[in-house]
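Before any comments, here is the structure.
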Amino acid sequence: MRVGDEAGPGDQGHEPGHPGSRRPDGPPRLAAGHDRPDLAAPAPPRLPLSRRRSPVVTLTLVRHGRPLVDPALPPSAWELDPAAFDEVWALRDVLSPRSSPRASSRAFWACSPERKAVETAQLLTDGDVGVLPSLVEQRGRTWLPEGLDAAVADALARPSVPARPGWEPVADLRARLVATVDALRAEHPGRDLVLVGHGLAWTVLEAAVRGTEPTPGEWRAWGFPDVHSLPLP
1 MRVGDEAGPG DQGHEPGHPG SRRPDGPPRL AAGHDRPDLA APAPPRLPLS RRRSPVVTLT
61 LVRHGRPLVD PALPPSAWEL DPAAFDEVWA LRDVLSPRSS PRASSRAFWA CSPERKAVET
121 AQLLTDGDVG VLPSLVEQRG RTWLPEGLDA AVADALARPS VPARPGWEPV ADLRARLVAT
181 VDALRAEHPG RDLVLVGHGL AWTVLEAAVR GTEPTPGEWR AWGFPDVHSL PLP
C-alpha cells in the first residue's frame, strides 16, 4: 500500500521552544505529567474493523489423479485413469468437513476444465464445483515423453519467456492464477477455496501466495493425486 506525500524523518525539524532534534522516528514519548499538551502521545494504529474480524481463509490445492496417457491426444484431453480412482477416493476423508479440520463446509470448490481435473473433482465431492478456464495447466504445453523435467526447470528458471515453442511463460501462468484467486475471494468473501487442477500450476500459485520463487523440486514433490493447504494472507 502506497502512502501519500508524508514527510520523511529528515524533514521533521524541531518543536517550537524545544530546539533539540527529534529522534529519527519522530518525537519521544512524553513522561506522565508532562506540560506539553501539544505533544500528546498518539494512539497506536488499529486495523479497520472489517479486517480485524475477517476469518482466516484457507486455500486448498488438489492435484488431479493419475491420468491415462494417450500419445494421440494433447495432455489437456487425457482422462483420469480408472485404475487410479481409489487413490482419489482416499482423499475424500482429507477434504470432508465431517472428518478433517483441514476442510470446511463453507468452502467454494472450483476446478480446471481439463478432463482429468473435472473427473477428480467429481470423485472428491458431491457438491457443486465451478469449472474455470483460467485454472488450466500451462497453456500450449505439449506432451514430452522425455525431457519434461528439463523443460519445467527451464520454465521456472526463465519465467518471462516460453520454455518451449508455444508454451505459456510461467510469469503469465502465475498472473492468471493469482488473478483468479483474487476474483474468487472477492466473489466469495470469507469462504475457504478448494481448487482442483495441475502440478505446475499449483507449484507456481503456492509460491506466489508464500512470496517465494517456485522450484523444480517443489513441482516434483506433487503426487497423483495430492493435496496442499495454506492460509491466504
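Counting in the working numbering, the sequence shown runs from 1 upward without gaps. Glycine included, C-beta positions come from ideal geometry on N, C-alpha and C. Keep in mind that this is a model prediction, so the values were computed, not measured.
Item, Value
"Opening and closing residue of the alpha helix (DSSP H) in which A153 lies", "148-157"
"Exposure of G217, with buried meaning 16 or more beta-carbon neighbours within 10 Å", "exposed"
"Cβ contact (3+ pairs, closer than 8 angstroms) linking the region 74-90 and the region 107-127", "yes"
"Top-ranked residue by Cα proximity to D81, from E119, R63, R174", "E119"
"Below-8 angstroms beta-carbon distance, E213 vs any chain D residue", "Included in the structure is just one protein chain, with no chain D present."
"Straight-line gap, G166 to V194 (C-alpha atoms, nearest Å)", "29 angstroms"
"For F224 and L68, the rounded distance between their alpha carbons", "12 angstroms"
"Minimum length 4: unbroken alpha helix (DSSP H) runs contained in the region 172-224", "199-210, 216-220"
"Environment of W219 [buried if 16+ CB atoms lie within 10 Å]", "buried"
"Simplified DSSP assignment, three categories, for P48", "Legend: pLDDT at P48 = 39, less than 50; position of this residue unreliable, value from coordinates given subsequently. Looking at P48 - three-state DSSP - the assignment turns out to be coil, as it is neither helix nor strand."
"6 angstroms CB neighbourhood of S160 in its chain, flanking five on each side removed", "P169, A171"
"Buried or exposed (CB count within 10 angstroms, at least 16 for buried), T142", "exposed"
"Bridge-paired residues (DSSP) for F108", "L193"
"Selection from L230, V57, E137 that minimises the alpha carbon distance to C111", "E137"
"Where A155 falls, given that 16 or more other Cβ within 10 Å makes a residue buried", "buried"
"Local conformation of G170 per DSSP, three classes", "For clarity, residue 170 is Val in the given sequence; the question names Gly instead. Of the three classes helix, strand and coil, the one that applies to V170 here is helix, per DSSP."
"Residues near R185 by beta carbon distance below 8 angstroms, same chain, minus five either side", "V57, L193, L232"
"Rounded Cβ spacing between A208 and V178 (contact assumed at less than 8 angstroms)", "5 angstroms"
"Alpha-carbon to alpha-carbon, W202 and V88", "17 angstroms"
"R22 versus E213 - alpha carbon distance", "Model confidence at R22 stands at a pLDDT of 39, short of 50, so the residue's coordinates are unreliable; what they give is reported in the following sentence. Their Cα atoms are separated by approximately 41 angstroms."
"For L230, the residue or residues it bridges with in DSSP", "L59"
"C-beta contact flag for L132 and T180 at 8 angstroms", "yes"
"Identity of the residue in V152, R191, R174 nearest S105 by Cα", "R191"
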